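There are 2 protein chains.
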Amino acid sequence: MIRRPARGRPADPAIDGALRRAALEVLAERGWRGVTIDQIATRAGVARTTVYRRHGSLHGILLMLMGDIYAQVPVPDTGNVETDLIALMRDVAAVWRDPDHVHYLSALVAAQHEDQGLADAYHAQFRHRRDATTAIVTRAITRGELPPDTDADLLLDFLAGIVAQRILLRRDSLEQTFPETVVTQLLRGFA
Amino acid sequence: MIRRPARGRPADPAIDGALRRAALEVLAERGWRGVTIDQIATRAGVARTTVYRRHGSLHGILLMLMGDIYAQVPVPDTGNVETDLIALMRDVAAVWRDPDHVHYLSALVAAQHEDQGLADAYHAQFRHRRDATTAIVTRAITRGELPPDTDADLLLDFLAGIVAQRILLRRDSLEQTFPETVVTQLLRGFA
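Have a look at this one:
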């Protein structure tokens, strides 16, 4: 018996891999203003209908790419909040040192401000990720490294924020000392 | 004698005012992916050639809008670093509570990642503004409120960054207590 793939999204990692690479390349070359699903399909060597069937739209591709990025940055659990956050920020910095990733993020920002449905989907994806990283702060509170009333969202938004400021607005390349510098400075105020 | 306006950019604040409003409206409605200079010209009731002559391109309009926003946020000098930064962040929050401004900023982010010329022009505009806000930190060091080796760029990027994180990525509306909360928290680590 031949196993039939699930309707709508047949399991074929090779197709999604080709689409990921194609989407990043086309976004880097043409930007959010210039990209189309046809260009991504052509670059990936995949039929346009296949892209629509698997991801629904350009928005679906943008969300898949953010899922990939989150997957590249595991949530550390080293037993110390400073070491955890520096490890996290090192992986974050590695992701955003790739200019193609920054082009992609700038497109996601513009896209979610154009479409409420995409904004809602991205928000859900972000919330899920934030729940995972919040564990770093919760564990630090349990160990007595941070006060019980620590605002985890504020702390993590300061970290995510300075990355956004540097890569999206200042187009900075995040120097090697960036993770240690920002984590050490920030924890001085929270501890 | 009739005074002739300078070539290229005749002084007519009414035209630029109409273009500002039109650009913000069209960006809010159609996003960076959908906006054209024709739509802005039509909405403003101005000839397309007038827009090109005054601003060169869509990019010129994006830069004009950021200049307007900076002009809406004066650099405070109250004699105290905490009061200065809270006053600054209150004005910053007021600007970004307008959804049209956030749509505009998301377009600027995408646009500068598509075009190096725009990125360079925006970077020069940003640097000029940052030099002005750095005075808040310099004065605080002189008064002994902050250590002499305070990294002003790091401090101000943390503040700008958490705004970017909240409005661009989380689409948050910046609660009333936001300016006090972020400034108080951040200064605890820097002082």
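So the sequences go chain by chain: A and B. With this note's numbering applied, the first sequence corresponds to residues 1302 to 1492, in that order. With this note's numbering applied, the second sequence corresponds to residues 1302 to 1492, in that order. We treat Cβ as the ideally placed atom computed from N, Cα and C, and that holds for glycine. Given the structure is predicted, the values throughout are model-derived calculations rather than measurements.
Report the option in 1417/A, 1430/A, 1352/A whose CA atom is closest to the CA atom of residue 1332/B.
The residue labelled residue 1332/B in the question sits at position 31 within the second sequence. Ranking the options by Cα distance to residue 1332/B, first place goes to 1417/A.
Where does residue 1305/B fall in DSSP's three states?
Translated into the one-based positions of the second sequence, residue 1305/B becomes position 4. Summary for residue 1305/B: the model assigns pLDDT 47, below 50, so the residue's position carries little reliability; its value from the coordinates is reported in the next sentence. Coil, per DSSP.
Between which residues of its own chain and residue 1286/B is the CB-CB distance below 6 angstroms, once the five residues before and five after are set aside?
Nothing can be reported for residue 1286/B, as the shown portion of chain B is limited to 1302 through 1492.
Under a CB-based cut-off of 8 angstroms, is residue 1397/A close to chain B?
To locate residue 1397/A, count along the first sequence from 1; it is residue 96. No, residue 1397/A does not count as interfacial toward chain B.
Would you say residue 1481/B lies against chain A (beta-carbon separation less than 8 angstroms)?
Start at 1 with the first residue of the second sequence, and residue 1481/B comes out as number 180. So no, residue 1481/B is outside the interface.
Quick check on residue 1475/A: does DSSP put it in helix, strand or coil?
Taking the first sequence and counting its residues from 1, one reaches residue 1475/A at position 174. Coil at residue 1475/A, not helix or strand.
Give the residues from the stretch 1352 to 1375 of chain A that approach chain B closer than 8 angstroms (Cβ to any Cβ), ordered along the chain.
Answer set for the stretch 1352 to 1375 of chain A: empty.
At least one CB of chain A closer than 8 angstroms to the CB of residue 1334/B: is that the case?
Taking the second sequence and counting its residues from 1, the one referred to as residue 1334/B is at position 33. Closer than 8 angstroms to some Cβ of chain A, the Cβ of residue 1334/B qualifies, so yes.
Identify the contact partners of residue 1341/B in chain A, using a Cβ-Cβ distance below 7 angstroms as the criterion.
One-based indexing of the second sequence puts residue 1341/B at position 40. Near residue 1341/B there are no residues of chain A at all, since even the closest Cβ is about 15 angstroms away, more than 7 angstroms.
Quick one: grab the DSSP three-state call for residue 1492/B.
As a position in the second sequence, residue 1492/B is number 191, starting the count at 1. Reduced to three states, the DSSP call for residue 1492/B is coil.
Can you tell me where the alpha helix (DSSP H) holding residue 1385/B begins and where it ends?
Locating residue 1385/B in the second sequence gives position 84, counting from the first residue. That run of the alpha helix (DSSP H) goes 1382 to 1397.
With a cut-off of 8 angstroms, do at least 3 Cβ pairs link the stretch 1475 to 1492 of chain A to the stretch 1451 to 1464 of chain A?
Counting Cβ pairs under 8 angstroms, three or more are found: they touch.
Specify whether the stretch 1439 to 1453 of chain B and the stretch 1435 to 1455 of chain A touch according to this definition: at least 3 beta carbon pairs, one from each stretch, less than 8 angstroms apart.
At 8 angstroms Cβ cutoff, the stretches do not touch.
How is residue 1448/A classed by DSSP in three states: helix, strand or coil?
Numbered from 1 along the first sequence, position 147 holds the residue referred to as residue 1448/A. The answer is coil: DSSP assigns residue 1448/A none of H, G, I, E or B.
Would you kindly check if the distance between the Cβ of residue 1392/A and the Cβ of residue 1403/A is under 8 angstroms?
To locate residue 1403/A, count along the first sequence from 1; it is residue 102. To locate residue 1392/A, count along the first sequence from 1; it is residue 91. Cβ distance not < 8 angstroms, so residue 1403/A and residue 1392/A don't count as in contact.
Any Cβ of chain B within less than 8 angstroms of the Cβ of residue 1463/A?
Locating residue 1463/A in the first sequence gives position 162, where the first residue counts as 1. So yes, residue 1463/A belongs to the interface.
Does the beta carbon of residue 1418/B come closer than 8 angstroms to any beta carbon on chain A?
Counting from one through the second sequence, the residue named residue 1418/B turns up at place 117. Closer than 8 angstroms: no.
Does residue 1451/B come within less than 8 angstroms of chain A when only Cβ atoms are used?
The residue labelled residue 1451/B in the question sits at position 150 within the second sequence. With 8 angstroms as the cut-off, residue 1451/B does not count as an interface residue toward chain A.
Is the separation between the beta-carbon of residue 1319/B and that of residue 1346/B shorter than 8 angstroms?
Stepping through the second sequence from its first residue, residue 1319/B is reached at position 18. Stepping through the second sequence from its first residue, residue 1346/B is reached at position 45. The answer is yes: Cβ separation under 8 angstroms.
What number of angstroms, rounded off, separates the C-alpha of residue 1476/A from the C-alpha of residue 1394/A?
Stepping through the first sequence from its first residue, residue 1476/A is reached at position 175. Stepping through the first sequence from its first residue, residue 1394/A is reached at position 93. Their Cα atoms are separated by approximately 9 angstroms.
Tell me which residue opens and which closes the alpha helix (DSSP H) that residue 1437/B is part of.
To locate residue 1437/B, count along the second sequence from 1; it is residue 136. Counting along the chain, the alpha helix (DSSP H) containing residue 1437/B begins and ends at 1417 to 1443.
Applying the criterion that 16 or more other CB atoms from any shown protein chain within 10 Å of the CB defines a buried residue, is residue 1303/B buried or exposed?
As a first step, residue 1303/B must be located in the second sequence, where it is residue number 2. With a pLDDT of 47 at residue 1303/B, under the threshold of 50, the modelled position of this residue cannot be trusted, and the question is left open.
By Cβ distance, which residues of its chain are closer than 7 angstroms to residue 1327/B, with the 5 residues on each side in sequence left out?
In the second sequence, counting from the first residue as 1, residue 1327/B sits at position 26. Within the same chain, residue 1327/B has close Cβ partners 1336, 1340, 1341, 1344.
By the 10 Å Cβ neighbour count, where 16 or more other Cβ atoms means buried, how is residue 1307/A classified, buried or exposed?
Taking the first residue of the first sequence as position 1, residue 1307/A is located at position 6. The pLDDT assigned to residue 1307/A is 46, lower than 50, so where the model puts this residue is not dependable; a value taken from the coordinates is nonetheless given after this. Answer is exposed; the Cβ neighbour count stays below 16.
Do the stretch 1462 to 1472 of chain A and the stretch 1424 to 1437 of chain A touch if we need at least three Cβ pairs shorter than 8 angstroms?
Result no; under three Cβ-Cβ pairs closer than 8 angstroms.
Along chain B, which residues have their Cβ under 8 angstroms away from the Cβ of residue 1470/A?
Working through the first sequence from its first residue, we reach residue 1470/A at position 169. 1410, 1427, 1461, 1465, listed in chain order.
Applying the 10 Å Cβ sphere with the 16-neighbour rule, what's the burial state of residue 1360/A?
Numbered from its first residue, the first sequence carries residue 1360/A at position 59. Counting Cβ neighbours within 10 Å, residue 1360/A comes out buried, since at least 16 surround it.
Determine, using beta carbons only, whether residue 1327/A comes closer than 8 angstroms to chain B.
Stepping through the first sequence from its first residue, residue 1327/A is reached at position 26. For residue 1327/A, the answer is no, since every Cβ of chain B falls outside 8 angstroms of its Cβ.
Decide if the stretch 1399 to 1415 of chain B is in contact with the stretch 1397 to 1416 of chain A; the criterion is three or more beta carbon pairs, one per stretch, under 8 angstroms apart.
Because the criterion of three Cβ pairs below 8 angstroms is met, the stretch 1399 to 1415 of chain B and the stretch 1397 to 1416 of chain A touch.
Just how far apart, CA to CA, sit residue 1376/B and residue 1334/B?
Within the second sequence, residue 1376/B is the residue found at index 75, counting from 1. Within the second sequence, residue 1334/B is the residue found at index 33, counting from 1. The straight-line gap from Cα to Cα measures roughly 33 angstroms.
When the distance is taken between beta carbons, is residue 1396/B closer than 8 angstroms to residue 1370/B?
Within the second sequence, the letter at position 69 stands for residue 1370/B. Within the second sequence, the letter at position 95 stands for residue 1396/B. Yes. Within cutoff.
So the alpha helix (DSSP H) residue 1358/B belongs to, where does it begin and stop?
On the second sequence, residue 1358/B is found 57 positions in, with the first residue counted as 1. That residue, residue 1358/B, is in no alpha helix (DSSP H); it is neither H nor E in DSSP.
Return the chain-ordered list of same chain residues with a C-beta closer than 8 angstroms to the C-beta of residue 1550/A, the five sequence neighbours on each side being excluded.
One cannot answer for residue 1550/A here, as it falls past the ends of chain A, which runs 1302 to 1492.
Name, please, each residue of chain A whose Cβ falls closer than 9 angstroms to the Cβ of residue 1455/B.
Translated into positions along the second sequence, residue 1455/B becomes position 154. The answer, in chain order, is 1463, 1482, 1483, 1486.
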